[in-house]
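The structure appears below as structure tokens.
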Amino acid sequence: MMALWQSFVELVYELIPWLDGGVATVLIILIKGVALILPLIIMMAYMTYAERKVIGYMQLRIGPNRVGPIGLLQPFADVFKMLFKEIIFPSKANIYLFLLAPILAFVPAVAIWAVIPLGEGFYITNLDISLLYVLAIGSVGVYGIIIAGWASNSKYPLLGALRSTALLVSYEIVIGFVAVTVVMVASSVNLNEIVAGQKGGAWNWYFIPLFPMMIVFWISALTETNRAPFDVVEGESEIVGGTHVEYSGMCFALFFMAEYINMIMMAALAVLMFFGGWHSPFEGIPYLDDLFAFVPDIMWLLAKMSFFLFLYLWIRATFPRFRYDQIMRLCWKVFLPLTILWIFVVAILTQLGVGPWF
Amino acid sequence: MLNKFKKIIKDFTLNELLFGMSVTAKELVNTKITVQFPEERTPISPRFRGIHALRRYPNGEERCIACKLCEAVCPANAITIESEMREDGSRRTSQYDIDLFKCIFCGFCEEACPVDAIVETQIFDYAFESRDGSVLTKKRLLEIGEQNKKAIDQTKLEDSKYR
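Residue numbers (this note's numbering), protein chains in the order written: chain Z, 1 to 358; chain G, 1001 to 1163.
Here is the structure:
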């Protein structure tokens, strides 16, 4: 993957020799960005399709099947519908904040992907504190929801925003503590090095010593991305549509895209932190290792991610929405003590040097 | 105490959540029950009461003799009939209107009819585009009867055993 990229960079320099180094570098960064965001948005579009299809199947329906063969063009139909819809401004809303909110929701969701490595040396930036960067930028996304709720000048969005603020801030603490355990095991905050620490077969992955943390992380990830059963921000049956009641057209689509890109990001993060990133599960097994040697590393990452994305849909199709105070209780009285306890467990295990992980 | 301990163990192993997810996982691969409506249709009883139609005798003579029994029995007053003498001296309708906004599709008109002229067909997926489209005139009713002659004869034959 890296060799391919290197030859591409050389090609750019060769094709446009009149550019000096600085401009070419900026150009390459721009191309890198587009090369990341475009597949990401297509992934997000087909995530919506997969969601409707999977939930349909779980409810004994067959889901969208009218646009294109087995409904495969449905995401594009949705996109064009959204593009041509009018953006309605509530008469007493603050238009600047009203327009700022979807941007504030969308931009951090995409910005996180700058540091997420997709393969051996396959990333946009190799930031030394990439895990911290992910947590930091992830929490900026809350502002999109808060400002949307406030700027709409309407009661349901405000209620949704208030709920989400408390919720996301609480669960960020839990995710932070889970990240601490991972960092303790990997002794690095760099996602590349966290994955490098899990080299060599499925038994080296961090989900084994950190199994409860993985479950806590995943449930917190559902909350962070406002997905069912923790989607109290939207809460269709209680507060109509939460923060995006007043949004229409592309403004609404940006919220939607931010949510789905965050989902894909959380799936990627779960894989990178607990499931060995792009490493094959068969590394080090004599026969199987050779058998799967042809699979590029990014494929392993995508395969593991797609399992977690499926888990999102599976959970949404199964569980009813949590009551708000129960979510808060779960966070402060169950997850937080559990994660803190596990930090001590991991500390002891690290000192003893148990297993291949530490 | 022991029960409480058991419950904690059960909660922390996500027992009930996993059971719930196993149910949805089973349904994921189960046979789907969707009926793709315009292409596939669910079976309809011969007694189904859809849109109305006026029938004719095999020789082309219209059945309705303007006895106005249907008009009288109609609970929603949806039927309006005017009658007059035709050239050959027989009593016929000059106007036979059914207002579909009023009609409740009870089927009393069909039961009251002594000559089986007014019937209700199995057609239920119809629409009209203007406001006066809601009134079925005599012409339109005879047309529907003409277009669906086979289906009407078939369903009436099937249902005749039970009448």
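A virtual CB, placed ideally from N, CA and C, is assigned to each residue, including glycine.
Owing to the predicted nature of the structure, the values given are computational and were not obtained by experimental measurement.
Same chain only: Cβ atoms within 6 Å of residue i, ignoring 5 sequence neighbours per side
{"i": "residue 217 of chain Z", "result": "178"}
{"i": "residue 300 of chain Z", "result": "278 and 280"}
{"i": "residue 1084 of chain G", "result": "1094"}
{"i": "residue 1100 of chain G", "result": "1134"}
{"i": "residue 164 of chain Z", "result": "145 and 233"}
{"i": "residue 1148 of chain G", "result": "1121"}
Of the residues the options, the one placed nearest residue i, counting alpha carbons only
{"i": "residue 251 of chain Z", "options": "Z:13, Z:104 and Z:33", "result": "Z:104"}
{"i": "residue 76 of chain Z", "options": "Z:41, Z:241, Z:313 and Z:349", "result": "Z:41"}
{"i": "residue 47 of chain Z", "options": "Z:344, Z:332, Z:83 and Z:264", "result": "Z:264"}
{"i": "residue 92 of chain Z", "options": "Z:270, Z:154 and Z:121", "result": "Z:154"}
{"i": "residue 1039 of chain G", "options": "Z:66, Z:38 and Z:349", "result": "Z:66"}
{"i": "residue 73 of chain Z", "options": "Z:85, Z:53, Z:84 and Z:60", "result": "Z:53"}
{"i": "residue 1158 of chain G", "options": "G:1030, G:1044, G:1118 and G:1027", "result": "G:1044"}
{"i": "residue 1061 of chain G", "options": "G:1035, G:1083 and G:1090", "result": "G:1090"}
{"i": "residue 1046 of chain G", "options": "G:1121, G:1128, G:1129 and G:1127", "result": "G:1121"}
{"i": "residue 1152 of chain G", "options": "G:1130, G:1065, G:1082 and G:1056", "result": "G:1056"}
{"i": "residue 137 of chain Z", "options": "Z:113, Z:126, Z:49 and Z:241", "result": "Z:113"}
{"i": "residue 359 of chain Z", "options": "Z:351, Z:241 and Z:334", "result": "The displayed coordinates of chain Z run from 1 to 358. Any statement about residue 359 of chain Z would go beyond what the structure contains."}
{"i": "residue 203 of chain Z", "options": "Z:22, Z:356 and Z:28", "result": "Z:356"}
{"i": "residue 28 of chain Z", "options": "Z:12, Z:39 and Z:38", "result": "Z:12"}
{"i": "residue 187 of chain Z", "options": "Z:49, Z:102 and Z:131", "result": "Z:131"}
{"i": "residue 167 of chain Z", "options": "Z:15, Z:339, Z:329 and Z:194", "result": "Z:329"}
Beta-carbon spacing of residue i, residue j below 8 Å
{"i": "residue 1109 of chain G", "j": "residue 1079 of chain G", "result": "yes"}
{"i": "residue 124 of chain Z", "j": "residue 36 of chain Z", "result": "yes"}
{"i": "residue 262 of chain Z", "j": "residue 318 of chain Z", "result": "no"}
{"i": "residue 206 of chain Z", "j": "residue 182 of chain Z", "result": "yes"}
{"i": "residue 230 of chain Z", "j": "residue 222 of chain Z", "result": "yes"}
{"i": "residue 58 of chain Z", "j": "residue 1024 of chain G", "result": "yes"}
{"i": "residue 1032 of chain G", "j": "residue 55 of chain Z", "result": "no"}
{"i": "residue 282 of chain Z", "j": "residue 292 of chain Z", "result": "yes"}
{"i": "residue 197 of chain Z", "j": "residue 87 of chain Z", "result": "no"}
{"i": "residue 327 of chain Z", "j": "residue 228 of chain Z", "result": "no"}
{"i": "residue 152 of chain Z", "j": "residue 246 of chain Z", "result": "yes"}
{"i": "residue 98 of chain Z", "j": "residue 89 of chain Z", "result": "yes"}
{"i": "residue 346 of chain Z", "j": "residue 140 of chain Z", "result": "no"}
{"i": "residue 180 of chain Z", "j": "residue 343 of chain Z", "result": "yes"}
{"i": "residue 1117 of chain G", "j": "residue 1069 of chain G", "result": "no"}
{"i": "residue 1145 of chain G", "j": "residue 1028 of chain G", "result": "no"}
{"i": "residue 110 of chain Z", "j": "residue 160 of chain Z", "result": "no"}
{"i": "residue 1051 of chain G", "j": "residue 1123 of chain G", "result": "yes"}
{"i": "residue 209 of chain Z", "j": "residue 349 of chain Z", "result": "yes"}
{"i": "residue 115 of chain Z", "j": "residue 96 of chain Z", "result": "no"}
{"i": "residue 201 of chain Z", "j": "residue 298 of chain Z", "result": "no"}
{"i": "residue 169 of chain Z", "j": "residue 276 of chain Z", "result": "no"}
{"i": "residue 1115 of chain G", "j": "residue 1156 of chain G", "result": "no"}
{"i": "residue 1136 of chain G", "j": "residue 1097 of chain G", "result": "yes"}
{"i": "residue 49 of chain Z", "j": "residue 39 of chain Z", "result": "no"}
{"i": "residue 947 of chain G", "j": "residue 60 of chain Z", "result": "One cannot answer for residue 947 of chain G here, as it falls past the ends of chain G, which runs 1001 to 1163."}
Cα-Cα separation between residue i and residue j, rounded to whole angstroms
{"i": "residue 4 of chain Z", "j": "residue 26 of chain Z", "result": "19 Å"}
{"i": "residue 1093 of chain G", "j": "residue 1150 of chain G", "result": "24 Å"}
{"i": "residue 323 of chain Z", "j": "residue 1073 of chain G", "result": "55 Å"}
{"i": "residue 243 of chain Z", "j": "residue 117 of chain Z", "result": "32 Å"}
{"i": "residue 1049 of chain G", "j": "residue 1058 of chain G", "result": "23 Å"}
{"i": "residue 273 of chain Z", "j": "residue 256 of chain Z", "result": "26 Å"}
{"i": "residue 254 of chain Z", "j": "residue 79 of chain Z", "result": "11 Å"}
{"i": "residue 108 of chain Z", "j": "residue 173 of chain Z", "result": "19 Å"}
{"i": "residue 149 of chain Z", "j": "residue 129 of chain Z", "result": "32 Å"}
{"i": "residue 119 of chain Z", "j": "residue 311 of chain Z", "result": "22 Å"}
{"i": "residue 220 of chain Z", "j": "residue 321 of chain Z", "result": "15 Å"}
{"i": "residue 341 of chain Z", "j": "residue 213 of chain Z", "result": "10 Å"}
{"i": "residue 306 of chain Z", "j": "residue 267 of chain Z", "result": "8 Å"}
{"i": "residue 30 of chain Z", "j": "residue 294 of chain Z", "result": "31 Å"}
{"i": "residue 359 of chain Z", "j": "residue 121 of chain Z", "result": "With chain Z covering only 1 through 358, there is no way to say anything about residue 359 of chain Z."}
{"i": "residue 71 of chain Z", "j": "residue 1034 of chain G", "result": "15 Å"}
{"i": "residue 1026 of chain G", "j": "residue 239 of chain Z", "result": "32 Å"}
{"i": "residue 1082 of chain G", "j": "residue 1141 of chain G", "result": "15 Å"}
Close-in-space but distant-in-sequence residues of the same chain around residue i (CB under 7 Å, 5 per side omitted)
{"i": "residue 51 of chain Z", "result": "313"}
{"i": "residue 85 of chain Z", "result": "248 and 249"}
{"i": "residue 1102 of chain G", "result": "1076, 1077 and 1078"}
{"i": "residue 44 of chain Z", "result": "257, 260, 261 and 264"}
{"i": "residue 191 of chain Z", "result": "115, 116, 117, 130, 131 and 272"}
Any non-hydrogen atom of the ligand ATP within 7 Å of residue i CB
{"i": "residue 162 of chain Z", "result": "Looking for the ligand ATP in the displayed structure turns up nothing, as the structure carries no ligands at all."}
Own chain partners of residue i with C-beta closer than 8 Å, once the 5 adjacent residues on each side are dropped
{"i": "residue 336 of chain Z", "result": "173, 174 and 177"}
Item to complete: Pull out every residue of the region 311-337 of chain Z whose Cβ sits closer than 8 Å to any Cβ of chain G, in chain order.
Response: 314, 315, 317, 318 and 319
Discussion item. Please list, in chain order, the residues of the region 210-229 of chain Z that have any C-beta partner in chain G closer than 9 Å.
Written reply: Listed in chain order, the positions of the region 210-229 of chain Z with a beta carbon within less than 9 Å of a beta carbon of chain G are 212 and 215.
Practice prompt. Could you name the residues of the region 60-83 of chain Z whose beta carbon sits closer than 7 Å to any beta carbon of chain G, in the order they occur along the chain?
Written response: From the region 60-83 of chain Z, only 60, 61 and 62 have a Cβ closer than 7 Å to chain G.
Worksheet item: Residues in the region 27-59 of chain Z with C-beta within 8 Å of chain G's C-beta atoms, listed in sequence order?
Response: Going along the region 27-59 of chain Z in chain order, one finds 54, 57, 58 and 59 with a Cβ nearer than 8 Å to chain G.
Item to complete: Please list the residues of the region 1027-1038 of chain G that have a C-beta atom closer than 9 Å to any C-beta atom in chain Z, keeping them in chain order.
Response: For the region 1027-1038 of chain G, the set of positions with a beta-carbon nearer than 9 Å to some beta-carbon of chain Z reads 1027, 1028, 1029, 1030, 1031, 1032, 1033, 1034 and 1036 in chain order.
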